[in-house]
Amino acid sequence: MTDAFLPERALAAVLTTQPLDRTLDYRVPEGGVRVGAFVAVPLGPRKVLGVVWGPGQGDYDRAKIRAISAVLDVPVMPPVMRDFVERVADYTMTPLPAVLRLATRAPGLGEPPGKRHVLRLTDARPDRMTDARTRVIAFLEEHEGMGFAPGELAGLVGVTSSVLKGLEGQGVLVREAAPRDAPFLPLDPSRPGKDLSGDQRRAAAQLREAVRGRSYGTTLLKGVTGSGKTEVYLEAVAECLAQGRQALVLLPEIALTGEFIARVQARFGQEPAEWHSGVTQAGRRRVWLGVAEGRAQLVVGARSALFLPFTDLGLVIVDEEHDPSYKQEDGVLYSARDMAVLRASLSGAQVVLASATPSLESWANADAGKYARIDLTERFGAAVLPEMRALDLRIDPLERESWISEPLASAVRQRVEAGEQSLLFLNRRGYAPLTMCRACGHQIGCDQCDARMVEHRFLGRLMCHQCGAQKPIPSECPNCGNPDHLAALGPGVERLAEEVARRFPEARTAVLSSDMTMSARALKARIEEIAGGAADIVIGTQMVAKGHNFPLLTLVGVIDADLGLQGGELRAAERTFQLIRQVAGRAGRAEKPGLALIQTHQPEHPVIRAILGGDEEAFWRAEAAQRQAAGAPPYGRMAGIIVSGPEERETFELARALAARAGMLTQAGAQLFGPAPAPIARIRGRTRVRLLVKAAKGLALQPVLARWVEGVVPRANYRIQIDIDPQSFF
Ligand SMILES: Nc1ncnc2c1ncn2[C@@H]1O[C@H](COP(=O)(O)OP(=O)(O)OP(=O)(O)O)[C@@H](O)[C@H]1O
Ligand SMILES: [Zn+2]
Numbered sequence: 143m144t145d146a147f148l149p150e151r152a153l154a155a156v157l158t159t160q161p162l163d164r165t166l167d168y169r170v171p172e173g174g175v176r177v178g179a180f181v182a183v184p185l186g187p188r189k190v191l192g193v194v195w196g197p198g199q200g201d202y203d204r205a206k207i208r209a210i211s212a213v214l215d216v217p218v219m220p221p222v223m224r225d226f227v228e229r230v231a232d233y234t235m236t237p238l239p240a241v242l243r244l245a246t247r248a249p250g251l252g253e254p255p256g257k258r259h260v261l262r263l264t265d266a267r268p269d270r271m272t273d274a275r276t277r278v279i280a281f282l283e284e285h286e287g288m289g290f291a292p293g294e295l296a297g298l299v300g301v302t303s304s305v306l307k308g309l310e311g312q313g314v315l316v317r318e319a320a321p322r323d324a325p326f327l328p329l330d331p332s333r334p335g336k337d338l339s340g341d342q343r344r345a346a347a348q349l350r351e352a353v354r355g356r357s358y359g360t361t362l363l364k365g366v367t368g369s370g371k372t373e374v375y376l377e378a379v380a381e382c383l384a385q386g387r388q389a390l391v392l393l394p395e396i397a398l399t400g401e402f403i404a405r406v407q408a409r410f411g412q413e414p415a416e417w418h419s420g421v422t423q424a425g426r427r428r429v430w431l432g433v434a435e436g437r438a439q440l441v442v443g444a445r446s447a448l449f450l451p452f453t454d455l456g457l458v459i460v461d462e463e464h465d466p467s468y469k470q471e472d473g474v475l476y477s478a479r480d481m482a483v484l485r486a487s488l489s490g491a492q493v494v495l496a497s498a499t500p501s502l503e504s505w506a507n508a509d510a511g512k513y514a515r516i517d518l519t520e521r522f523g524a525a526v527l528p529e530m531r532a533l534d535l536r537i538d539p540l541e542r543e544s545w546i547s548e549p550l551a552s553a554v555r556q557r558v559e560a561g562e563q564s565l566l567f568l569n570r571r572g573y574a575p576l577t578m579c580r581a582c583g584h585q586i587g588c589d590q591c592d593a594r595m596v597e598h599r600f601l602g603r604l605m606c607h608q609c610g611a612q613k614p615i616p617s618e619c620p621n622c623g624n625p626d627h628l629a630a631l632g633p634g635v636e637r638l639a640e641e642v643a644r645r646f647p648e649a650r651t652a653v654l655s656s657d658m659t660m661s662a663r664a665l666k667a668r669i670e671e672i673a674g675g676a677a678d679i680v681i682g683t684q685m686v687a688k689g690h691n692f693p694l695l696t697l698v699g700v701i702d703a704d705l706g707l708q709g710g711e712l713r714a715a716e717r718t719f720q721l722i723r724q725v726a727g728r729a730g731r732a733e734k735p736g737l738a739l740i741q742t743h744q745p746e747h748p749v750i751r752a753i754l755g756g757d758e759e760a761f762w763r764a765e766a767a768q769r770q771a772a773g774a775p776p777y778g779r780m781a782g783i784i785v786s787g788p789e790e791r792e793t794f795e796l797a798r799a800l801a802a803r804a805g806m807l808t809q810a811g812a813q814l815f816g817p818a819p820a821p822i823a824r825i826r827g828r829t830r831v832r833l834l835v836k837a838a839k840g841l842a843l844q845p846v847l848a849r850w851v852e853g854v855v856p857r858a859n860y861r862i863q864i865d866i867d868p869q870s871f872f
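Read left to right, the sequence shown gives residues 143 to 872 (our numbering).
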């Protein structure tokens, strides 16, 4: 792609973020415009954001062509970034505007800094409190001292602008000119890092050398939990910064950023830029511009940080690269890990995929020699890997309404007495996964989805984990009307917490679950407190499995190791292995050795044996052999097709129309399975039908799929969604 200039009055093809299937021609304004420039263009009665994508196509009535309204005063989108946007769109089979939206998720891009006004909280309080006023004040108190643009504040709190005006009139809020965006203070890569062990030093040297090469390459950094992967890849970051190039660190969970930022600050003297859903609108704009202008050297963020406009990206770290949350499951269905490799290959950058339990994809790529691989096999310093033991629930059965077996309970008791921490891991949010009437057997489901409602006792509500619908916990059965017979069945973390409180009344407990109504900042603070010893027993969902450092933690109890093995999904074994090894890895990270106790009904299951056995290579090899035999990823290609719509019959008809064209797929060497009702056959009132396409690894699947679906045009409100390399099959 070229970095061309279009003169005044020429036609420019502008890609907007609006859902159109093509670029639109506009007339270039006075002064001309560069290809890649961000512009505002008229579209109907509105002005929308766009990027000059190239010379105009000239296939539209010249007399009707309108002019570009404004060329925004932000850096031009460089050719590699435009290339990246197009490749992502092609790979994920997503319309370009949707990908461009990912790349422009910062408000007010065109406005110069310093011109904005923000509202700030004063010490005054209103004469009369209303619910809306209380929320505004509570929100601003939580974001101590920060100012927000009025529109932004109204949106964030969910109040009208008149509420804000009222508060301003009473002096509760003051209007101030926003300060210029705070600068990004330079990180100093020459500061010394920690003294590395021999293995760490060799690993760091290898990564540094790769970064010095200033060309593309991917390295799998496979190190056992607590081996110092972070310390090692920070050396690669140091090298990248020393080269004057930008670096990006992707983390799978916002809650991890707090600890990571502190480590960057300790290593390089300043904080990195931060990018995730917890960052305010103003903060996003600052980071986006800082990255585009090359002022932000290091960004730490969630998967969408990959779409920031880096000018000279030299390194991408994907930490906990196996984590399923790197796959975006709505909107643009993309894998941030895979797209990181794509982006790096376009930018001449290095990628480091760090994990103790790599994805089979990355393991296989390293095995095939496509990725370099570095192993760290020991924990740093005196710390040793935790001992792992299965607790056979057939031998030590659980008591009624109890989920902690006697041997696990006594291990917890010992830790509490010794002043050490225990972690009880249960990958289920809420109180109970199922509410059933003991009189008639009715199970309370979501009205909109083919899913059971999950009791959240803490909130006093039943909640659908598919669509988020809530209803109060009924006092009588909605089916037979019988009172007092509704029973909560099975445990969630809230119920486990109840048992812990009952059995260890003297212990301080903390529940960490991703659905907790806590701001990102409050969550970070809570995790720091826990790491500092504020809880004796931590109860958590998969959120706690990811990379946290709790130095006092010496015991991990896995409440139900069998949970992920049911259902037989493609990645069930891999995921269970990763999750339990990860969570066990939280134990014994300091001097005291750790113990992981794993409750299971099937200790002889191959996956449970692999988790306990520690021969990881054998596990991956066996898993790889099975996938290879089945032609499944990463040895074969897959695309999931989800057909959805309001009427069941018509949704199936649409799916069958696709199936009728299966010949095209077969001819190209792909196979079609389905249609079949999706495992969750209804979400938000829409019927869901699935098809699955499988093909050999070498086949360029996307063009084949594009031709296949082209011939079937869904009616309004019906959808055909294609998920390339699907991770979930619900
Ligand atoms: N060379 C070193 N000198 C001092 N401390 C170190 C060193 N290497 C690692 N550590 C410390 O050991 C702990 C574990 O290191 P780190 O978090 O980098 O491991 P990790 O491999 O990323 O772990 P996980 O995969 O479990 O998240 C951290 O507290 C880290 O500061
Ligand atoms: Zn629902």
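Ideal placement from N, C-alpha and C gives every residue a C-beta, glycine not left out.
Can you tell which of G173, A447, F600 and E765 has the C-alpha that lies nearest to the C-alpha of L244?
A447
Notebook entry, point to check: Any idea which residues DSSP pairs Q778 with across the strands?
Noted result: The residue you asked about is not Gln; residue 778 is Gly in the sequence shown. The partner list for G778 (beta bridge, DSSP) reads A838.
Tell me where the alpha helix (DSSP H) around G755 begins and ends. P748 to G755
What are the start and end residues of the beta strand (DSSP E) that includes K189?
R188 to P197
Worksheet item: In chain order, what residues of the same chain have a beta carbon less than 8 Å from the beta carbon of G853, not counting five sequence neighbours either side?
Response: R803
CA-CA distance, D509 and R717?
20 Å
>> Does the structure place the region 560 to 577 close enough to the region 391 to 408 that three or more beta carbon pairs sit under 8 Å?
In response: no
Requested in this report: With a floor of 4 residues, list each alpha helix (DSSP H) that falls wholly inside the region 267 to 318, ordered by position along the chain.
Outcome: 273 to 284, 292 to 299 and 303 to 311
Tell me the DSSP secondary structure of P331 in three-state form.
coil
Checklist entry - From R644 to A662, what does the alpha carbon distance come to, in whole angstroms? => result 30 Å
Q: Could you tell me if the beta carbon of T372 falls within a distance shorter than 7 Å of some heavy atom in ligand 1?
A: yes
Q.
Between S369 and ligand 1, is there a pair consisting of the residue's CB and a ligand heavy atom that are separated by less than 7 Å?
A. yes
Item checked: Residues that DSSP places opposite A564 in a beta bridge -> Contrary to the premise, residue 564 reads as Ser rather than Ala in this sequence. Looking at the DSSP assignment, S564 forms a beta bridge with I679 and L697.
Along the beta strand (DSSP E) that carries G456, what are the first and last residues, could you check? L455 to D461
Three-state secondary structure assigned by DSSP to Q863: strand
field: Per DSSP, the bridge partner or partners of I784
entry: R832 and Q863
| Those residues which DSSP pairs with M578 across a bridge | Q585 and A629
Item to complete: My understanding is that N859 touches P788, with C-beta atoms under 8 Å, so please give their C-beta distance in whole angstroms.
Response: 6 Å
With a threshold of 8 Å on Cβ separation, who are the neighbours of R151 within its own chain once the five nearest residues in sequence on each side are excluded? R169 and V170
Using a C-beta cutoff of 8 Å, does V642 count as contacting chain E? No chain E is part of this structure, which consists of one protein chain only.
Less than 8 Å between the C-beta atoms of D480 and L393, yes or no? no
Q.
What does the alpha-carbon distance come out to for the pair L362 and W545?
A. 38 Å
For a quick check, are the C-beta atoms of V181 and V156 less than 8 Å apart?
yes
### Message
Which residues does DSSP list as the beta-bridge partners of Q492?
### Response
G359 and L457
Quiz item: Among the residues of its own chain, which have a CB less than 6 Å from the CB of V653, if the five just before and after it don't count?
Solution: V635, A639 and I681
- Three-state secondary structure assigned by DSSP to A94: Here the chain comprises residues numbered 143 to 872, so residue 94 is not present and cannot be evaluated.
* Would you check whether ligand 1 has a heavy atom nearer than 7 Å to the C-beta of K336? => yes
Q) Pairing CB atoms from the region 375 to 391 with CB atoms from the region 509 to 520, are three or more of them under 8 Å? A) no
> In whole angstroms, what is the alpha-carbon distance linking R570 and G699?
Replying inline: 14 Å
Less than 8 Å between the CB atoms is what I'm expecting for Q724 and K688, so what's the real figure, rounded? 7 Å
- Query: Out of R356, E373, Y358 and T360, which has the shortest C-alpha to C-alpha gap to A346?
  - Reply: E373
Tell me which residue opens and which closes the beta strand (DSSP E) that E471 is part of. Per DSSP, E471 belongs to no beta strand (DSSP E) and is neither H nor E.
Per DSSP, the bridge partner or partners of V260:
E318
query = When every heavy atom of ligand 1 is checked, does at least one fall within less than 7 Å of the C-beta of A874?
reply = No answer is possible for residue 874: the residues shown for the chain start at 143 and end at 872.
Task: Under 8 Å between C-beta atoms of T399 and V433 - done: no
Original post:
Do you know offhand how far T234's Cα is from F815's?
Top reply: 20 Å
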